[in-house]
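Okay, so here's the structure we're looking at.
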Amino acid sequence: MSNLLGPRDANGIPVPMTVDESIASMKASLLKKIKRSAYVYRVDCGGCNGCEIEIFATLSPLFDAERFGIKVVPSPRHADILLFTGAVTRAMRSSALRAWQSAPDPKICISYGACGNSGGIFHDLYCVWGGTDKIVPVDVYIPG
């Protein structure tokens, strides 16, 4: 995961970069892990389904993510990327962990939306563990 954070000095402290350099560095390091089309497995951990609507829109014929080589797979065993959405609930925690453990290495974990990143508006409910980073190591956070 440290290679996603950009260059570091001898003490391990990040070296200042411009936004464009940071984006280019992250894109290059992610693309090194994926040598072919990106196979994505979507894990809905619980939430309002707002993020799912956006994801399904990108998969529709209007945007057609598959023309860029992004394919959604039905099993985490075939996935390069695990896309976690929603706040991690008590009921979905074990299923999300199983999906993470089932995916072959190297794998990329993406946390999508406010709920996936931090628990969102559901963060203080009794049945919510928090964001995706509470159960698996996250490589990329996408706010929303």
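Residue numbers (the working numbering): 38 to 181.
Each residue gets a CB set at the ideal place from its N, CA and C atoms; glycine is no exception.
Whole-angstrom distance between residue j and residue i, CA atom to CA atom
i	j	result
aspartate 142	aspartate 117	8 Å
cysteine 98	tyrosine 149	With the sequence shown as reference, residue 98 is identified as proline, and cysteine is not the correct amino acid for it. For proline 98 and tyrosine 149, the distance between alpha carbons rounds to 22 Å.
serine 59	valine 80	27 Å
arginine 127	serine 155	15 Å
glycine 84	cysteine 164	12 Å
serine 62	isoleucine 107	21 Å
cysteine 152	glutamate 103	26 Å
aspartate 161	valine 177	23 Å
Buried or exposed by the 16-neighbour rule on C-beta atoms within 10 Å, applied to residue i
i	result
alanine 94	exposed
threonine 169	buried
glycine 49	exposed
isoleucine 90	exposed
phenylalanine 159	buried
Test item: CB-CB of residue i and residue j under 8 Å
i	j	result
cysteine 82	alanine 47	no
isoleucine 172	arginine 130	yes
alanine 124	glycine 87	no
arginine 45	valine 56	no
valine 109	leucine 96	yes
Nearest residue (CA-CA) to residue i, options the options
i	options	result
leucine 119	Val77, Ser139 and Glu58	Val77
proline 174	His115, Gln138 and Lys108	Gln138
alanine 75	Ile90, Phe105, Trp166 and Pro51	Phe105
glycine 113	Ile145, Cys152, Val177 and Phe100	Note on residue identity: the sequence assigns proline, not glycine, to residue 113. For the residues Ile145, Cys152, Val177 and Phe100, the minimum Cα distance to proline 113 belongs to Ile145.
isoleucine 179	Ala102, His115 and Ile92	Ile92
isoleucine 147	Gly181, Pro111, Leu96 and Phe159	Gly181
Legend entry - Runs of beta strand (DSSP E) wholly within the segment 105-149 (minimum 3 residues, chain order): 107-109, 118-122 and 145-149
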